Amino acid sequence: MASRTVLGACFLVFVWLCYYLLRPTPLDQAPCIHWSAKYSSLWIRWKRYQDQDTLAVHEAHLRHGPVVRLGPKEMSIVDAATGIKPIYEGRLPKTDWFQIIVSYGSEPMFAMKDNESHRRRRKMVTKPYQNSYIKANRDWQEQQAVLARDFHSSLEKLSGNTGEVAICDMFFAWALATVSTYIFGHAAGVNVLDDLPKARQKRQDYYKERNLAFWVASVPYPINKLLLNLRYSTEISFIEELRIQADRHAAEPQEKSKGTNSTPYDYMKNEFSSPTGPDSKVEQPSPKAQAALSSEMQDHVIAGLDTSVIVLTICAWLLSLDSNRTWQDKCRAEARGCRESDGTLNTDETPIIDAVIKETLRVYPPVSGMQPRITDKPTAVGPGAHQIVLPPGITVHAQTWTLHRNNEVFPKPEEWRPERWIECSPEKRKEMDAWSWAFGSGPRRCLGEQLALNSLKTALVVLYGGFETRLTENTEFSIEVGNMLIPSTLQLRVDKAEAQ
């Protein structure tokens, strides 16, 4: 009797599995990345574990078109009008994947899944990153001019060096100085532009700690809980030190000069401390608010550092190739016209450098892979005959690497051609902008876009306004394509450019 019961239970389980695996769904209309994708997510999960999923998904789209099935309940869509708009501008909620950036036990805005929580947080933190706020901050303008002079002085010391310069260390020093100074103020900012060995050490320490923090956060529960109990942390110590130093400076008596806006940290501290807004009396944040503030600050610093170093490193490599010398010369001519009579830099009108940055972001977007969302209602995705109406509960995403390689929008997409952004018609520019996704789109578009572009332009203006870079016989450079690009260490020769 017992054996019959067991056999009956096994049969029911078998029938249920057959129904679950073989039942028809709207996703069956889409081609699969692998034959097993209809039944299991193991194949794509293995690719993600190896950080090879971005190129695997890209190759699948080249074979099958704009809509590809990655798993029983997972889809990839690469189309601006029928992918980006319904998924990202349509406000589909985020998935648990973004929890890897949670720190201090609190979600930063970037990790928040539901739209209402994200809307409230973005309202609290967005103002200090608006272009008008950045330009109106006299203290920041003065400090950025100081950092630009320090960057120039450091390059001048290195120029003519018979050996090679690890330019990525210089770019890390620049990104660290600009991000920390803007967010926390010059008293807490970290400026190691004049000390390349120290910059290298800070870069190595930062990436070691950041990679460990991301790994701990990504390990499944309850293993991650055990690691946290063993004092493996998801917090990055030097970012916390920046916050503490900013608090110490704020406690000291000081005069605020006219025309100076609060730093993002001071502004957000007010927002997190008081429900009545940034102009009310500042009180010490509650422990819960302090955790949320610290988590937000860590996310902002990481985002600013990582993307800036990647883009500047790849820009310098591209401009140092013999085939692109003409573009380096064009950048130099334009950069020299940015210097005002008082020695400050004006980077408002830099169409050539803008095109160089935009094309670098197109061919080599720092965040290249998936940005997953989950359907909370029936959602139509895919163009024309590829259209599928996804039911609720489906993970769906686009990836920048593939969007930026649409041959119809970007002819010869694998070629780095800045002229495509200069010589195009207004209609073509509008189309290319619609497919450009380096900063995302919709209500969750990158908060720090304007600050990032300002920092990138200033760095290139300083570098190529006074110097030239070349590859050497020993230069070896590669870019690992994963969810984020990982460029190798770049060694260049830096020489002082001839005067006009």
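In short: position in the sequence shown from 1, add 876, done, that's our numbering. Using N, Cα and C, we set each Cβ at its ideal position, and we do this for glycine too. This structure is a prediction, so every number in the text was calculated from the model and none was measured.
In this structure, Lys1206 is the residue among Lys1206, Arg1124, Ala1064 with its C-alpha nearest to the C-alpha of Ile1298. Just so you know, the alpha carbons of Ser1162 and Leu1169 end up roughly 10 Å apart.
Counted as a single uninterrupted DSSP element, the beta strand (DSSP E) harbouring Asp1371 occupies residues 1367 to 1372. In this structure, DSSP gives Ser916 a state outside helix and strand, which the three-state scheme calls coil. Ranked by Cα distance from Gln1326, the options Ile1362, Pro1073, Asp1230 are led by Asp1230.
With a cutoff of 8 Å on beta-carbon distance, Gly1318 and Glu992 are scored as not near each other. Taking C-beta atoms as the reference points, Leu1195 and Thr1345 count as a pair closer than 8 Å. Following the DSSP letters along the chain, one finds Val1187 inside the alpha helix (DSSP H) bounded by residues 1163 to 1196.
Residue pairing from DSSP places Cys908 in a beta bridge opposite Arg945. If you draw a 10 Å sphere on the C-beta of Gln1020, you find 16 or more other C-beta atoms in it, and that means buried. Judged by DSSP secondary structure, Phe1353 falls outside any beta strand (DSSP E); it is assigned neither H nor E.
The bridge partners DSSP lists for Thr1054 come to none. Pro942 and Leu903 have their C-alpha atoms some 14 Å from each other. Taking C-beta atoms as the reference points, Pro969 and Ile1264 fail to come closer than 8 Å.
When the alpha-carbon of Ala1179 is set against those of His1125, Thr1202, Tyr1083, Arg1238, the nearest one is in Tyr1083. Separation of the CB atoms of Thr1236 and Ile1190 is rounded to 6 Å, and the pair is thereby assigned contact status at 8 Å. Separation of Leu1361 and Asp1309 (C-alpha to C-alpha, rounded to the nearest whole angstrom) is 21 Å. Of the other Cβ atoms in all chains shown, fewer than 16 fall within 10 Å of the Cβ of Lys1306; this residue is therefore exposed.
In the DSSP assignment, His1273 is bridged to Ser952.
By alpha-carbon distance to Leu1023, the top candidate from Thr1348, Pro1004, Val1055 is Val1055. Listed as beta-bridge partners of Glu1344 by DSSP are Asp1371. When beta bridges are read from the DSSP output, Lys923 appears opposite no residue. Under a 10 Å Cβ-count criterion, Gly1324 is classified as buried, with 16 or more other Cβ atoms of the shown protein chains found around its own Cβ.
Classified as exposed, Asn1350 has fewer than 16 neighbouring CB atoms from the shown chains inside 10 Å of its CB.
By the Cβ criterion, the stretch 1288 to 1297 is not in contact with the stretch 967 to 982, since fewer than three pairs of Cβ atoms, one from each stretch, lie closer than 8 Å. Assigned with DSSP and collapsed to three states, Thr1255 falls in strand. The C-beta distance from Ser1138 to Ser982 rounds to 22 Å, too long to fall under 8 Å, and the pair is not in contact. Between the alpha carbons of Lys1074 and Gly1358 lies a gap of roughly 28 Å. Per DSSP, the beta bridge partners of Pro1363 are Ile1355. Around the Cβ of Ile1115, a 10 Å sphere holds 16 or more other Cβ atoms; the residue is buried.
The beta-carbon distance between Ile1233 and Leu1366, rounded to whole angstroms, is 17 Å. This is too long to meet the 8 Å contact definition. Under DSSP, Arg1249 shares a beta bridge with Lys970, Val1272. By the Cβ test, the stretch 995 to 1011 is not in contact with the stretch 1037 to 1052, since fewer than three Cβ pairs between them sit closer than 8 Å. Taken through DSSP and simplified to helix, strand or coil, Ile1112 comes out as coil. Pro1242 is not a Cβ neighbour of His1280, given a cutoff of 8 Å. Beta-bridge pairing by DSSP links Ile1264 to Val1257.
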